[in-house]
Structure formats: C-alpha cells, structure tokens
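Numbering (the numbering used here), first residue to last: 28 to 304.
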C-alpha cells in the first residue's frame with residue numbers, strides 16, 4: 028500500500044487492516060492529515076474483501092491529538108469526492124462505509140482527533156486514556172463533528188459539559204458518559220479489540236454492510252450539519268477572543284511536547300483571564 032505522511036496502513040489479512048497514527052512528537056492532526064484521510068477512505072471503499080479496520084497509535088501518550096493551530100492558514104480548502112470539505116468528506120464517508128471502523132485508544136485524544144474517532148463505529152479505551160474538546164477555552168468551537176456526534180453519543184447536557192468545559196475526561200468517565208464502548212486495563216485492550224475485529228471480519232460483508240446501513244439511519248448527523256460547524260470553526264480564528272487566547276496558549280506550550288499538552292485540560296482551566304484590563 029502507498030506510504031502516508033502521518034499514519035501507516037498494514038493489511039493483517041485481506042479482511043482486516045490496521046491504521047496507525049504516528050506524527051511525532053505529539054500526534055497533532057496536520058493539514059497533510061486532512062489531505063490524506065479522504066484518499067485513505069477511497070482505498071477502504073474500493074476493497075471488496077475488507078470487513079474491518081482498526082485505528083491505533085504509535086505513540087502511547089497520544090492516540091490522535093488536536094489540530095495543529097499554528098498551521099491554520101495552511102488548512103486545505105478543496106472539496107472531497109462527496110463535495111464537502113476534506114475533513115467532512117472523510118468522516119462522513121468513513122461512518123457510512125460497508126466496513127467496520129474501530130478505534131483502539133491509548134493516551135490523549137482531543138479536538139479534531141477526538142472528533143475523527145466519533146465518526147468511527149466503535150471506540151475502546153485504556154484506563155489511562157484522556158478525552159477532550161479544548162476549543163472553547165481557546166476562543167473557538169469544535170468544528171470537526173463534535174457538536175453533532177457528541178449529543179447523539181452523550182446526550183445534550185453532557186455534550187454541552189464536554190464542549191464548554193474544554194477539560195480532559197479520563198477513560199473511565201468517558202465510558203460512563205457513552206463516549207466509548209468500554210474502558211479496560213491497558214493490558215486487556217489489545218486482546219479485547221483484536222479479538223472483536225477478527226471475529227467481525229470473519230462474517231459476510233453483505234450482513235455487516237446491512238447492519239451498519241440500518242443503524243446509521245438513526246445515529247449519524249448529516250454532512251450539511253457537520254459542514255456548518257466546520258465553516259464556523261475556520262472563521263472563529265478571526266474572532267477577537269481567539270486572536271487573544273491562541274498566542275497565549277502557544278507561548279505556554281500548545282502544539283509542543285511538554286507538560287502543557289500532557290495536561291491540556293488542567294492548563295486551559297488556569298489560563299489568565301485575557302479579557303481583564
């Protein structure tokens with residue numbers, strides 16, 4: 028399979044693929060990631076044998092982190108095969124593929140990284156995982172599907188809590204909220220996900236596709252709704268609050284390896300009130 032910039036693809040069998048995110052040092056989602064994800068979905072869509080794809084990380088501290096906000100100006104503006112922006116194109120098509128997508132989560136998954144996992148069919152986490160939507164604390168808003176998927180997964184009140192608090196949520200609480208299917212001790216995560224993936228991959232593709240299609244009727248937001256938040260997210264970098272808050276966050280260590288990113292929720296709750304005189 029063709030090489031990729033920030034992830035790798037390995038076919039364990041004709042029916043089961045593994046995709047590993049690896050963008051050192053902290054697995055930020057980059058403009059290159061947004062460009063390549065629709066091409067990855069293209070490959071998943073045309074393989075008639077493929078049943079299951081497992082997403083994991085090569086970095087035990089970060090499954091898939093937030094967007095690299097130092098590169099917002101480089102965000103690709105072209106449209107994908109569905110006629111929507113590349114991120115929306117990739118996530119909506121991934122959700123609707125006749126292929127089961129499973130996230131095996133260790134470490135931190137935040138922002139658009141979290142939103143991409145929300146578009147997957149199932150999510151399983153280690154007890155050490157941390158989940159978050161940090162955008163509001165930086166003067167922006169979740170724009171990659173969080174405002175659409177989280178209310179369906181968590182309910183309205185908890186979705187508002189997650190999006191407005193901009194805090195980190197540990198794996199056990201994510202399970203209780205419905206953010207993930209299950210949270211298990213780290214030593215059990217591989218066997219849980221891999222056994223399930225291999226089991227499903229042994230079944231007929233027609234049955235898998237039909238189950239997904241019928242469940243999707245009631246559980247997925249529309250591409251237009253996703254695009255609404257995506258467009259607002261991009262425009263939010265021009266808001267006065269974002270222009271004040273993001274430089275302060277960058278100076279404190281955002282987008283860089285270190286304690287700020289490791290404990291992002293903690294630091295966002297203690298940033299100075301930039302609106303004060």
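Yeah, the Cβ is synthetic: ideal placement off N, Cα and C, and Gly gets one too.
For residue 238, the enclosing alpha helix (DSSP H) begins and ends at 232-246.
Counting C-beta pairs closer than 8 Å gives fewer than three between the segment 177-188 and the segment 233-241, which falls short of the contact rule. Between the alpha carbons of residue 40 and residue 227 lies a gap of roughly 13 Å. Cβ neighbours of residue 82 within its own chain (closer than 6 Å, five residues either side excluded): 46, 130. In the three-state DSSP reduction, residue 95 falls in the coil class, being neither helix nor strand. In the structure shown, residue 154 adopts coil according to DSSP, grouped into three states. For residue 197, the enclosing beta strand (DSSP E) has its first and last residue at 195-197. Under the DSSP assignment, residue 43 falls in the beta strand (DSSP E) whose first and last residues are 43-48. Assignment of residue 89 by DSSP, reduced to helix, strand and coil, places it in the strand class.
Separation of residue 113 and residue 103 (C-alpha to C-alpha, rounded to the nearest whole angstrom) is 8 Å.
Taking residue 128 as reference, the option from 117, 137, 134, 138 with the minimal CA-CA separation is 117. Residue 286 is classed as exposed because its beta carbon has fewer than 16 other beta carbons within 10 Å across all chains shown.
Residue 32 carries a coil assignment under DSSP once its states are collapsed to helix, strand and coil. Rounded to the nearest angstrom, the Cβ distance from residue 165 to residue 276 is 6 Å, consistent with a contact under 8 Å.
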